[in-house]
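Before any comments, here is the structure.
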Amino acid sequence: MKIKNFNLGLGSFLRNNPKLGDFLPQAVTLFAIIFIIGFFTFNAQTNMDSRGIDFGFGFLSQESSFDIQFSLIDYDGSHSYAKAYLVGLLNTLLVSAVGIFFATLLGVIVGISRLSSNYLISRLAEIYVEIFRNIPLLLQIFFWYFAALRALPLPKEAISFFDVSFLTIKGFFIPKLIWTNFSILFYSFVAAIVSIVFIYVYGKRKQEATGQRIPVFLISVGLLIILPVVASLLGGVSLDFGIPELVQQSETIFNFKGGINIIPELMALALALSLYTATFIAECVRAGIMGVSKGQKEAAASIGLTPGQVLQLVVMPQALRIIIPPTTNQYLNLTKNSSLAAAIAYPDLVLVFAGTAMMQTGRAIEIVSITMLTYLSLSIAISIFMNWYNKKIAIKEK
Amino acid sequence: MKGKIMLKTLKTLVYMLTSIALLVSFETGAMAAKKSKTLKKTQKMGYVRCGVSQGLPGFSNADAAGNWKGVDVDVCRAVAAATLGDSGKVKFYPLSAKERFTALTSGEIDVLSRNTTWTLSRDADIGLTFVGVNFYDGQGFMVRKSSGITSTSQFKSGISACTNIGTTTELNMRDFFNSKGIKYEPVAFEKADEVVAAYDAGRCDTYTTDKSGLAAQRTKLSKPGDHIVLPETISKEPLGPVVRQGDPVWEDIVRWSLNVMIEAEEYGITSANADSMKSSENPAIKRLVGAEGELGAAFGLDNDWSLRIIKQVGNYGESYKRNIADTGILPDRGPNQLWTKGGILYVPPAR
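Protein chains in written order, with this note's numbering: chain A, 496 to 893; chain B, -1 to 349.
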């Protein structure tokens, strides 16, 4: 046995001690992270001390004393900063949810259209994708906002929809639903949904056991309609509409009163976010469908499935596995991009909390950390949900 | 027994010596504090780091050639003239209302001269010190002439008001509308240019901010003549330069750079006649142009610091005329006139 090199390097030492080799890099990384966080904490603390700034979250319970244009919950300036934070968070969630819904809808349609054999449809889809994904989002938001403001009429010349909804520069005014005994209706819906789940499971088992199909879809629709209607009739549920009315405020200033106002900032932001993100989702969908081998479709067709069934039962379940992970990224992007709202006065978390509240309290470090943590939690929540969904539809090896 | 007394005397002696030593060190400590850290850093860098607005005509606005102009800008130029000998040695940092205090407290800038309202909570809470007032302002409203509104008493519930976030404006607006029982829709933007654009497009019925701001922003509207600023003022907005807490000498330098400009106007000293004023009979004038007394020494500056401010930047009246009156923003000085002429500009004597 020849020993060529007595002076073993760290590399070969670790190779010879695989346990330590696994452990050491992790320990070093952990130490480095702790050191960096510790350094920044210490640095911030000494600097804040020397400038006479204290650190704390007590301000959250103080009265905010500023109003917010648009809120899903009851809020005004006499409430606390914590409530203002909640208003901002809910507004962020609202625009993200609306954005995700429309982006997915549009993305799937455009993605399938790009594979259409119709030249005009596939080219149009391609042009749309190439234009909208290549223009910076902030510019698009400005474009839609100011384009909308220029195009929409003043309340006096509002575009009316059946005299109950009005589209104006100050927003889209829609009737407000005023329910009495709403809880009865709500519970009947819950009951309908629960029974549908049972019927679905039962129907599936029966089909697997006997081959007989029961019309689950028809029964579900029936339940969804009949149960709430019967409950409403028995429980005395009634619905009134608060229809927006035009009110004159001065010689030329008009506004709508009553009803719900969907503010133009929300419309422009949701529109810009959906149009932008839909392009990326469309590409994910296209990639997913193209990723399913042609033989699958041909085999499905050969056993007598209709084209719709081929797409629904054979292509999509396989394509989804390819589509979901990158689409999750797009959902995360959309949620984070919604923070650009501040540019056009949509009162989201960044504008309300990391904007106005930070200014009024001067608590930059506290507020920025809360805001960052919030976005992080939102992203993680979306990731967890999408990963769960992805796992559910993944190939289950038996 | 004797030994004990000796020990006592020794102890007393030690105490006395220690306290003397402490006193001496305290004295030298006080002397050392005269040399401001920020001043030292500024002189080493060779420029004053000054936070300004992102474009407010008359206060701080960059012209086509990129030169910053305005009364707020002139405060920074005065500080540069005093500390570095050249009013041109200023580096400007355009900041949004939201960014301004963080930029100052984090040490990115050393003077914040950005139409900033002096309030108790800002002064006491967040590590800032206001050094004075260079413009007395108040919040007002701008509306379209065609609306027929000529007074805030004609406002009715449902009105939408555009403004900036991160300002006292948001708070005043709430106080005002609440006290009148008017329900309003606040539309708050991060940047002033977007506020102007949205108001111009008709998104809001009124635009509210400091009146000087309204007058300045009106020039950016597509048809400035179609809009009026309502006569009512709903708040006190004393605007002035701000420094970081913790450097009292730097604070004094900025405060007195501004005060010198105002006092120079009071005594009729202008950029044109400053040199000839050295032979004046009035000791107050002589002190201001550095011909008498040792005023600069208190800050660690030479004795010509105030003369340079007056010669290079001009007195307050010159700055106002050049930036605000001649540009047509607010030709009437209103409260920003000297106390001797019916205004409220009154500064402590430089002596």
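No residue lacks a Cβ here, since even glycine has one placed at the ideal position from N, Cα and C.
Under a three-way DSSP split, which group does residue i fall into?
{"i": "N511(A)", "result": "helix"}
{"i": "S864(A)", "result": "helix"}
{"i": "R618(A)", "result": "helix"}
{"i": "D671(A)", "result": "The sequence given here has Lys at residue 671(A), not Asp. K671(A) falls in the strand class under three-state DSSP."}
{"i": "P723(A)", "result": "helix"}
{"i": "F751(A)", "result": "strand"}
{"i": "F128(B)", "result": "strand"}
{"i": "G666(A)", "result": "strand"}
{"i": "D330(B)", "result": "coil"}
{"i": "S23(B)", "result": "Model confidence at S23(B) stands at a pLDDT of 47, short of 50, so the residue's coordinates are unreliable and nothing is read from them."}
{"i": "L815(A)", "result": "helix"}
{"i": "E740(A)", "result": "strand"}
{"i": "A28(B)", "result": "In this prediction, A28(B) has a pLDDT of 42, which is less than 50 and means its spatial position is unreliable; what the coordinates show is noted afterwards. Helix."}
{"i": "D245(B)", "result": "coil"}
{"i": "G49(B)", "result": "strand"}
{"i": "K89(B)", "result": "strand"}
{"i": "V109(B)", "result": "strand"}
{"i": "L258(B)", "result": "The residue you asked about is not Leu; residue 258(B) is Val in the sequence shown. Reduced to three states, the DSSP call for V258(B) is helix."}
{"i": "N756(A)", "result": "strand"}
{"i": "M(-1)(B)", "result": "Confidence at M(-1)(B) is low in this model, with a pLDDT of 49, below 50, so its placement is unreliable and the value that follows should be read with caution. M(-1)(B): coil per DSSP, three-state reduction."}
{"i": "G533(A)", "result": "helix"}
{"i": "L567(A)", "result": "coil"}
{"i": "E290(B)", "result": "coil"}
The beta strand (DSSP E) with residue i in it runs from where to where?
{"i": "M140(B)", "result": "137 to 142"}
{"i": "C779(A)", "result": "No beta strand (DSSP E) holds C779(A); the alpha helix (DSSP H) holding it covers 759 to 785."}
{"i": "A186(B)", "result": "182 to 187"}
{"i": "N365(B)", "result": "One cannot answer for residue 365(B) here, as it falls past the ends of chain B, which runs -1 to 349."}
{"i": "C202(B)", "result": "Run containing C202(B): none; DSSP gives neither H nor E here."}
{"i": "F297(B)", "result": "From DSSP, F297(B) is part of no beta strand (DSSP E); its letter is neither H nor E."}
{"i": "F656(A)", "result": "654 to 656"}
{"i": "V227(B)", "result": "225 to 227"}
{"i": "E230(B)", "result": "First-last for E230(B): undefined, no H or E at that position."}
{"i": "E235(B)", "result": "235 to 237"}
Can you name the start and end residues of the alpha helix (DSSP H) that residue i belongs to?
{"i": "I694(A)", "result": "677 to 705"}
{"i": "Y197(B)", "result": "190 to 199"}
{"i": "R98(B)", "result": "98 to 103"}
{"i": "S119(B)", "result": "118 to 123"}
{"i": "I607(A)", "result": "576 to 609"}
{"i": "P898(A)", "result": "Residue 898(A) lies beyond the residue range present for chain A, which begins at 496 and ends at 893; the question has no answer from this structure."}
{"i": "I71(B)", "result": "The identity of residue 71(B) in the sequence shown is Val, whereas the question assumes Ile. Where V71(B) is concerned, the enclosing alpha helix (DSSP H) stretches over 69 to 82."}
{"i": "Y318(B)", "result": "314 to 318"}
{"i": "A348(B)", "result": "Premise fails: A348(B) is in no alpha helix (DSSP H) and is neither H nor E."}
Just the chain B side, please: which residues come within less than 7 angstroms of residue i by C-beta, in chain order?
{"i": "V696(A)", "result": "Per Cβ cutoff of 7 angstroms: no residues; V696(A) is ~49 angstroms from chain B at best."}
{"i": "F561(A)", "result": "E168, L169, R172"}
{"i": "F641(A)", "result": "A195, A199"}
{"i": "K752(A)", "result": "G156"}
{"i": "A767(A)", "result": "What A767(A) touches in chain B: nothing, since even the nearest Cβ is about 15 angstroms away."}
{"i": "A837(A)", "result": "E188"}
Who are the neighbours of residue i on chain A, taking C-beta pairs under 7 angstroms?
{"i": "T100(B)", "result": "A859"}
{"i": "V185(B)", "result": "Q564, A840"}
{"i": "I147(B)", "result": "S745"}
{"i": "S354(B)", "result": "Since the first residue shown for chain B is -1 and the last is 349, residue 354(B) is missing from the structure and cannot be characterised."}
{"i": "I124(B)", "result": "I548, G857"}
Interface residues of chain A around residue i at Cβ under 8 angstroms?
{"i": "G200(B)", "result": "L644, L649, I664"}
{"i": "I180(B)", "result": "Near I180(B) there are no residues of chain A at all, since even the closest Cβ is about 10 angstroms away, more than 8 angstroms."}
Please determine whether the Cβ atom of residue i lies at a distance below 7 angstroms from any heavy atom of the ligand ATP.
{"i": "R242(B)", "result": "Absent from the structure shown: the ligand ATP. Ligands present: none."}
Anything in chain A within Cβ reach of residue i, meaning under 9 angstroms, just list it in chain order.
{"i": "Q152(B)", "result": "Q744, S745"}
{"i": "R142(B)", "result": "T747, I748"}
{"i": "T103(B)", "result": "N542, M543, R546, I548, G857, A859"}
List, in chain order, every chain B residue whose beta-carbon is nearer than 8 angstroms to that of residue i.
{"i": "G848(A)", "result": "According to the sequence provided, residue 848(A) is Phe. The question's Gly does not apply to it. Within 8 angstroms Cβ-Cβ: nothing; F848(A) doesn't reach chain B, min ~11 angstroms."}
{"i": "S545(A)", "result": "G244"}
{"i": "T851(A)", "result": "I163, G164, E168, A186"}
{"i": "P759(A)", "result": "R201"}
Quick one, which residues of the segment 645 to 679 of chain A are near chain B if we go by CB-CB under 8 angstroms, in chain order?
Those residues of the segment 645 to 679 of chain A that come within reach of chain B (Cβ to Cβ, closer than 8 angstroms) are R645, L649, I664, K665.
Pull out every residue of the segment 214 to 237 of chain B whose Cβ sits closer than 8 angstroms to any Cβ of chain A, in chain order.
Answer set for the segment 214 to 237 of chain B: empty.
With 7 angstroms as the C-beta to C-beta threshold (strictly closer), list the residues of the segment 234 to 258 of chain B near chain A in chain order.
So the list reads R242, Q243, G244, given in the order they occur along the chain.
Interface positions of the segment 262 to 295 of chain B facing chain A (Cβ-Cβ less than 8 angstroms), listed along the chain:
For the segment 262 to 295 of chain B, the set of positions with a beta-carbon nearer than 8 angstroms to some beta-carbon of chain A is empty.
Could you list the residues in the segment 307 to 339 of chain B with a C-beta less than 7 angstroms from some C-beta on chain A, going in chain order?
Residues: none.
For the segment 860 to 891 of chain A, which residues have a CB atom closer than 7 angstroms to at least one CB atom of chain B, in sequence order?
Considering only beta carbons, no part of the segment 860 to 891 of chain A lies closer than 7 angstroms to chain B.
Short-range partners of chain E found in the segment 564 to 578 of chain A, where Cβ spacing is below 7 angstroms:
No chain E is part of this structure, whose protein chains are labelled A and B.
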